[in-house]
Structures are given as C-alpha cells and as structure tokens.
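> The structure's right below; bear with me while I get my questions together.
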Amino acid sequence: MIQVHNLSKRYGQNTPLVLSDLSFQVPPGDILSVIGPSGCGKTTLLYILGCLLSATSGEVMIGGKEASAPRRRTSFIFQDFGLLPWKTAWGNACVGMGINGIPKRQQQETAGALFRDLGLSHRKSSYPIQLSGGEKQRVAIARSLATDPDLLLMDEPFSALDAMTRENLQDTILAEWKERGFTAVLVTHSIEEAVFLGGRIMVLGRQPARIEAIIDNPGFGTEDFRLSDEYFSVIRRVRSAIDHPGDNASDLSKSQG
C-alpha cells in the first residue's frame, strides 16, 4: 500500500534536514506505528504520506501511484480533533462525505451506522463544545471512517485524553480496523500505544530523523494482548531502540530484507 524510497525533507534552502533518507513499506491492511523523540519529524512524515507536504527528495508511492496530490480514500485523525465548532456532531461526521459528493441518503445511512458503533447516537445533535474529549475524538473517528478510507493516518490521536478513555479508543480503532481492513500509520509518543496498535513499530532518531529500527509485533491484535508477556517484550525492544540509537542493525536489516 505504501512504499517510501530514500525520502528526505527540509523546509527551505540551506535549512537543516528534518527527515533523512527514509525507506520503508507498509503492506495493504497493516498498521505501522511511528515513534521517536519530540520534534524529530514524525508529523512531517505523516503529512507527506497524506500529500499535505511534499518531500524534498525521494519517492512516495500510495496504492501503486506516486503520492503527488491528496487522495479521496486517505483519511486523517488529528490530535486536536479538527471538528468544526458551528456544526453538530452529526454534521461534522458528514463533512467528508459531502465534500466527496456522496448522496444525502447514503450519508445518513453511513453516519447512522457509525454513530451506533461508536456509542454516539445520543449525541448527534450536540455541538463540539458540549462534548467530552473522548466524545469529540469518537466524532473525529466517525468522520474519518465515513468516507470508507483505504488509508488512515493518525497523528497522536489520543494524547490529550485520560488513560481510560485513551485505552477505550485504542480498542475502538483496533475493532474498526479488524472489520474494515484499512491500512494505517499511527504517530505517537506512547510506547505502549505504539505496541498495542502497530503490527510493526518504526523508531525514528533525532533530527535529521533516520530509521533506527523497524520492530515486528507478531502478537498484535490478539485477545488480551495488553496482558501478555509478548506485549511487554516488544515494549522493552522499542524502549531499547529509543534509548540506544545505532544499536538496532538486526531489527532494521530484518525488516528491510
């Protein structure tokens, strides 16, 4: 689904590189978690994948085509929810479908099903200011899934939420992924979240960000994964890759082999 070759990014001539020579792949239906130090360029990478920014050099292919313009079937979930304050929860969920020209009746059916799945049916007439943080993010999830994306890009979507709400929404995303089979890239600062939601975890170093490791996560998606020894084992490997950059050649070579 995603193929990235020798990707580098700087924001202007004679400015330092933000991303340096990144190469990786995300097969269709996989979730890749991206983690690294604050300010290392994780969000920049996500925006390049979504064609909101252009690369300085290198190649990005999405679905076998060069990523040169935003795609209808790419959806974002943002950290700050990105809801329109003058629209109700229902209206926000339908925004993307309206932009894509989906008929009103189909919008109603799709939004209705998502609101039932996400426990929002009683909130469809509420405005964002009337919603809790968890409810706002559920509306943002509904909006993102309403357009039937084949690629979901998530930029620290749960970082502003309390621990219990965050875990509930992680479970929600995982359930929707199992049902719909979309490809996803998650940017996060949380090692635990990266491991719970990623079939592979890509660790970036400090700027200019290079790939320190890509770690396989074979237990991802299994029942009670958070309680398993394998979950904690992968957490330790990710933590080691972050704390000891440059010592992860085996993880990187196996992932690219």
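First residue of the sequence shown? That's -15 in our numbering, and the numbers climb one at a time after it.
For glycine and all other residues, C-beta sits at the position ideal for the given N, C-alpha and C.
(1) Taking the continuous alpha helix (DSSP H) assigned at N76, which residues delimit it?
(2) Have a look at S38 and S59 and give me their C-alpha separation to the nearest angstrom.
(3) By DSSP, does G80 sit in helix, in strand, or in coil?
(4) Does DSSP put Q191 in a helix, in a strand, or in coil?
(5) Would you mind sorting K162 into buried or exposed? The rule is 16 or more other CB atoms within 10 Å of its CB.
(6) According to DSSP, Q(-13) sits in a beta bridge with which residue or residues?
(7) Could you please give me the residues that DSSP links to D139 through a beta bridge?
(8) Where does the unbroken beta strand (DSSP E) through T27 begin, and where does it stop?
(9) To the nearest angstrom, how far is the alpha carbon of K(-7) from that of K108?
(10) Whose C-beta lies closer than 6 angstroms to the C-beta of L135 among residues of the same chain, with five residues either side of it excluded?
(11) Helix, strand or coil for A130? Go by DSSP, reduced to three states.
Taking the structure as given:
(1) N76: member of the alpha helix (DSSP H) spanning 73 to 77, first to last residue.
(2) C-alpha separation (whole angstroms): 17 angstroms.
(3) DSSP places G80 in the helix class (H, G or I) of the three-state scheme.
(4) DSSP places Q191 in the coil class of the three-state scheme, outside both helix and strand.
(5) K162 is exposed by the Cβ-count criterion.
(6) In the DSSP output, where bridge partners are listed per residue, Q(-13) has Q9, M45.
(7) Paired residue(s): V171.
(8) It is not in any beta strand (DSSP E) - T27 instead sits in the alpha helix (DSSP H) that spans 26 to 33.
(9) Approximately 41 angstroms between the Cα atoms of the pair.
(10) Here the set comprises T58, T167.
(11) The DSSP-derived three-state label of A130 is helix.
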